[in-house]
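Presented below is the structure to which this report refers.
In my numbering, the protein residues as written are 4 to 170.
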C-alpha cells in the first residue's frame, strides 16, 4: 500500500467517524428514539475489519472526538483505544472479519457498556431499576440496529482502500 493509498484510507475512515458523530449528536437527539452509541460501535467496526493496531488508533480518534463533544471525560480516549484494540484482535484471531463477527463484538461491547453505566447511575440516583433497565435496553437496541449501516460504511472504506494489517 502506497503512502497515498494509506492517507486516502485514513481520510475515508475519518469521514465515517465524523458522519457517525454528526448523526449521534445532531440528528438522533431530534428524534423520539433513544440516542445510540455510534462512536464506540464505529470503533468496533474499524477494529474488526482492520486489526488491533488500526482499531486502537481509530479508538483514540473516536475517544478524542467523544471527549471533545462533551460526552464523558478524557478517559474515553483510553477506553475506546482498548475497545478498538480488543475488537481488532478478536476480528483477526478469534472471530471472522465479517458482519457477524462485528455484531458479536458489538453485542459484547453494548452489554458491558450499558451494565457499567447502569451500575454507575443506580448507585448515584434513586431512580427505579425498571426505568433504568428500559433506558439501557432502548439505547443498546438502537445502537445494535445502527451497527449494521456503520459496518457497511466501514466495510466500504476497508474494501475500496485495502486492509492495513496485511502490510
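From the three backbone atoms N, C-alpha and C, an ideal C-beta is built for every residue, glycine too. All values reported here derive from a predicted model rather than from experimental measurement.
(Q) For residue 153, which residues in the same chain have their Cβ closer than 7 Å to its Cβ, ignoring the five residues on either side in sequence? (A) 23, 41, 44, 45, 48
Q: Could you round the C-beta distance between residue 160 and residue 16 to whole angstroms and report it? I think they count as a contact, below 8 Å.
A: 5 Å
Q. Given 8 Å as the limit, is there contact between the stretch 66-73 and the stretch 90-108, that is, 3 or more CB pairs closer than that?
A. no
Q: Could you tell me which of 26, 104, 61 sits nearest to residue 14, measuring between CA atoms?
A: 61
**Q.** Cβ neighbour criterion (16 or more within 10 Å) applied to residue 130
**A.** exposed
Q | Distance CB(residue 63)-CB(residue 80) smaller than 8 Å | A | yes
Q) Apart from the five residues on each side of it in sequence, which residues of its chain come closer than 7 Å, Cβ to Cβ, to residue 67? A) 80
Q: Write down the C-beta distance between residue 83 and residue 69 rounded to the nearest angstrom, noting that I regard them as a contact closer than 8 Å.
A: 7 Å
Q: Give, in chain order, every unbroken run of the beta strand (DSSP E) that is at least 3 residues long and sits entirely within the stretch 87-113.
A: Segments of the beta strand (DSSP E) lying fully in the stretch 87-113: there are none.
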